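Asks: Going line by line, the protein sequences match chains A and B.
Under our numbering, the first residue of the first sequence is numbered 1, with each subsequent residue one higher.
Under our numbering, the first residue of the second sequence is numbered 1001, with each subsequent residue one higher.
Backbone N, C-alpha and C fix where the C-beta goes; we use that ideal spot for every residue, glycine too.
Please read these numbers as outputs of a predicted model, since none were measured by experiment.
This is the structure, below, for whatever I ask next.
Protein chains: 2
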Amino acid sequence: MTHLTNSQVDISVDCVVFGFDGEQLKLLLIDQKLPETGNLSPEVLQIALPGDLMNAGESLDACAARVLKELTSLEGIYLKQFYAFGDPNRVSDLKDQEWLRSFRVNPERRVITVAYYSLVKMDDYVPQASSFASSAKWTDIQDVPELAFDHNDIADKAIAVLRQELTTKHIGFELLPEKFTLSQLQTLYETILDKKLDKRNFRKNIKKMDQVIPLDEKQQGVLHKPAQLFRFDRDANENVKEE
Amino acid sequence: MTHLTNSQVDISVDCVVFGFDGEQLKLLLIDQKLPETGNLSPEVLQIALPGDLMNAGESLDACAARVLKELTSLEGIYLKQFYAFGDPNRVSDLKDQEWLRSFRVNPERRVITVAYYSLVKMDDYVPQASSFASSAKWTDIQDVPELAFDHNDIADKAIAVLRQELTTKHIGFELLPEKFTLSQLQTLYETILDKKLDKRNFRKNIKKMDQVIPLDEKQQGVLHKPAQLFRFDRDANENVKEE
Chain A
1 MTHLTNSQVD ISVDCVVFGF DGEQLKLLLI DQKLPETGNL SPEVLQIALP GDLMNAGESL
61 DACAARVLKE LTSLEGIYLK QFYAFGDPNR VSDLKDQEWL RSFRVNPERR VITVAYYSLV
121 KMDDYVPQAS SFASSAKWTD IQDVPELAFD HNDIADKAIA VLRQELTTKH IGFELLPEKF
181 TLSQLQTLYE TILDKKLDKR NFRKNIKKMD QVIPLDEKQQ GVLHKPAQLF RFDRDANENV
241 KEE
Chain B
1001 MTHLTNSQVD ISVDCVVFGF DGEQLKLLLI DQKLPETGNL SPEVLQIALP GDLMNAGESL
1061 DACAARVLKE LTSLEGIYLK QFYAFGDPNR VSDLKDQEWL RSFRVNPERR VITVAYYSLV
1121 KMDDYVPQAS SFASSAKWTD IQDVPELAFD HNDIADKAIA VLRQELTTKH IGFELLPEKF
1181 TLSQLQTLYE TILDKKLDKR NFRKNIKKMD QVIPLDEKQQ GVLHKPAQLF RFDRDANENV
1241 KEE
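Right, dumping it as structure tokens:
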């Protein structure tokens, strides 16, 4: 018995890059660009996650790094694969087809995308658009508009993964500056979990973590009552302190 | 600017199905079958995870369910996507190519596979081989041999995911019979985590879980000291009881 082959499939990678500015959780989005030739109307342009087709011979991880660099200039970022999206019609919507016809050899071809997420310290990474992105910018997570393709679904799934890993793997610290206050940490948790947390309980739980190390240093440049600074030591004992 | 397209890619799905017989964690594996025509030598046949190429117009989830049913007759199983494997050379090894040339239209074509895992109560699912599987059987996790393609990597990753979800999502109960003893539960945890657990601490922690409900019933058919039975209620309050 010989099996049918699915010759009409392309593979792409999409990147969900999160940042935190001390107050808001942000998502890195690109504006699609008009092609240099042809008469595509600016109305078909959409906002999207940075993503593109995989090249021949390229691994998925390498593709994610390349695509992010090409579209936003960000490099050296830790990207983690979290889900593959394979709805048979995920790129066939009319709103997406016009733009695809200008940029893809086989615009009607089915595309399976493998999604990656990343957490970056915003100060360290200033995105700059290139390739088919006309701009690359941070957008508040509450203000994410309708995106191209199924990119809203991909972003939603990434947030769900982020929420889950926040408590089990302490990944929130990746989004904070090297030295942070407990208020900044609490704001970050509240933003990702989308709920208010009790300040006293939150501090009690954080102080039980051996990895959160108080520094003999206070905030600079604030008007009154500078808060104490902390740093996170991933290599410290992961066990919480016994009370 | 027009982007290159990667026309030489196929998509497949592979399924890592775990079972537990009360003592051992098991993996469902298939034996590859000789094609009906041609003169393929039985030596090239390998043991593999149940998996196959995706059909045109098929979603990833539907493909996983179909492939598992076609190769092992198992159906109605909850399958959860956990990772996509895209090494450019993952099917080009000599050991795999001979068999592929008998069963695939484009045996040398790159294949990206999306992997799913499943946890089943072994008593409820008796696998039966069909399609290009000559047998489908449960294998002790310690006795998994060298598998076709990168299937050992896929199985290893699935076990890592299982370990992580065991503590955060209580998924172990999916592998146990409806009514179980605390010894069975502890053996399951020890098998998945691959380490001995302290009986007293384990029972103390389990008894704090509102979802583990003691029954007014004991084991049947054991020679002496039948143990108390418990059931797991996923809908019960997820919080652990305060001591």
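Against chain A, with Cβ distances strictly below 9 Å, would B/E1058 count as a contact?
Replies: yes
Asks: Just the C-alpha distance for B/Q1220 and B/L1182, rounded to the nearest angstrom, thanks.
Replies: 15 Å
Asks: Can you list, in chain order, the residues of its chain with a C-beta nearer than 6 Å to that of B/E980? Leave out the 5 residues immediately preceding and following it.
Replies: What is shown of chain B runs 1001 to 1243, which leaves residue 980 of chain B out entirely.
Asks: Would you grab the beta carbon distance between A/P86 and B/S1059 for me? Rounded to a whole angstrom, and I think it's under 8 Å.
Replies: One point to set straight first is that residue 86 of chain A is Gly, not Pro, in the sequence displayed. Sure, about 6 Å apart at Cβ, within 8 Å.
Asks: Would a check of beta-carbon distances place B/P1088 closer than 9 Å to chain A?
Replies: It does: the Cβ of B/P1088 has a partner Cβ on chain A nearer than 9 Å.
Asks: Name, in chain order, the residues that DSSP records as bridge partners for A/S183.
Replies: Beta-bridge pairing links A/S183 to no other residue.
Asks: Chain B beta carbons: is any one of them nearer than 9 Å to that of A/Y83?
Replies: yes
Asks: Taking 9 Å as the CB-CB cut-off, is B/D1156 touching chain A?
Replies: no
Asks: If contact means a Cβ-Cβ distance below 7 Å, which residues of the stretch 1167-1196 of chain B contact chain A?
Replies: Considering only beta carbons, the part of the stretch 1167-1196 of chain B lying closer than 7 Å to chain A consists of T1168, in chain order.
Asks: Drop a sphere of 10 angstroms on the beta-carbon of B/H1224, count the other beta-carbons inside from all chains shown, and report buried for 16 or more, exposed for fewer.
Replies: exposed
Asks: Tell me which same chain residues have a C-beta within less than 6 Å of the C-beta of B/T1113, skipping the five on either side of it?
Replies: Correct list, in chain order: S1012, D1014, F1085.
Asks: So, at 7 Å on beta carbons, what are the nonlocal neighbours of A/E146 in its own chain, with the 5 sequence-adjacent residues on each side left out?
Replies: N152
Asks: Could you tell me the alpha carbon to alpha carbon distance between B/D1210 and B/A1236, rounded to whole angstroms?
Replies: 6 Å
Asks: Which term fits B/L1029, buried or exposed, when burial requires 16 or more other beta carbons within 10 angstroms of its beta carbon?
Replies: When all chains shown are included, B/L1029 counts as buried.
Asks: How would you label A/D21, buried or exposed, when you count the other beta carbons within 10 angstroms and need 16 or more for buried?
Replies: exposed
Asks: Report the option in B/P1042, B/E1178, B/I1206 whose CA atom is closest to the CA atom of B/S1102.
Replies: B/P1042
Asks: Extract the residue ranges of the alpha helix (DSSP H) inside the stretch 111-171 of chain A, only unbroken runs of 4 or more that lie entirely within it.
Replies: 151-169
Asks: Are the C-beta of B/Q963 and some C-beta of chain A separated by less than 9 Å?
Replies: Only positions 1001 to 1243 of chain B appear in the structure, and residue 963 of chain B is not among them; the question remains open.
Asks: For A/V9, report the span of its beta strand (DSSP E) as first-last.
Replies: Boundaries of the beta strand (DSSP E) around A/V9: 9-20.
Asks: I need the DSSP call for B/K1080, collapsed to helix, strand or coil.
Replies: strand
Asks: Please state whether DSSP places B/A1062 in a helix, a strand or coil.
Replies: B/A1062: helix per DSSP, three-state reduction.
Asks: Using the DSSP secondary-structure output, state which residues sit across from B/A1056 in a beta bridge.
Replies: According to DSSP, which records beta bridges pairwise, B/A1056 is partnered with nothing at all.
Asks: Counting only beta-carbon separations shorter than 9 Å, does A/I30 have a partner in chain B?
Replies: no
Asks: So which residues of chain A does B/I1141 contact, with C-beta pairs closer than 7 Å?
Replies: The contacting residues do not exist; B/I1141 stays about 23 Å from chain A at best.
Asks: In the structure shown, what three-state DSSP assignment does A/K218 receive?
Replies: strand
Asks: Taking a contact to mean a Cβ-Cβ separation below 9 Å, would you say A/Y117 touches B/Q1081 in this structure?
Replies: no
Asks: When you compare each of B/S1135, B/E1178, B/Y1078 to B/L1229 by their alpha carbons, which one comes out closest?
Replies: B/E1178
Asks: Going by DSSP, what residue range makes up the alpha helix (DSSP H) through A/L263?
Replies: The question about residue 263 of chain A has no answer here: the residues shown for chain A are numbered 1 through 243.
Asks: Let me see if you follow: with CB-CB separation under 9 Å, is A/R66 close to chain B or not?
Replies: no
Asks: So, is B/G1076 buried or exposed, given that buried needs 16 or more other C-beta atoms within 10 angstroms?
Replies: exposed
Asks: Helix, strand or coil: how does DSSP classify A/L34 here?
Replies: coil
Asks: So if DSSP puts B/K1026 in a beta bridge, which residue, or which two residues, is it bridged to?
Replies: B/G1019, B/D1140
Asks: My assumption, with CB atoms under 8 Å, is that A/A186 sits in contact with A/L197. Please give the rounded CB distance.
Replies: The question names Ala, but residue 186 of chain A in the sequence shown is Gln. Indeed they touch by this definition, with Cβ atoms about 6 Å apart.
Asks: Check the C-beta distance from A/D10 over to A/R163 and give it rounded, since I have them as a contact under 8 Å.
Replies: The distance from the Cβ of A/D10 to that of A/R163 is about 31 Å, inconsistent with a contact at the 8 Å cut-off.
Asks: Grab the span of the alpha helix (DSSP H) containing A/R231 for me, first residue to last.
Replies: Segment 228-232 is the beta strand (DSSP E) holding A/R231; no alpha helix (DSSP H) there.
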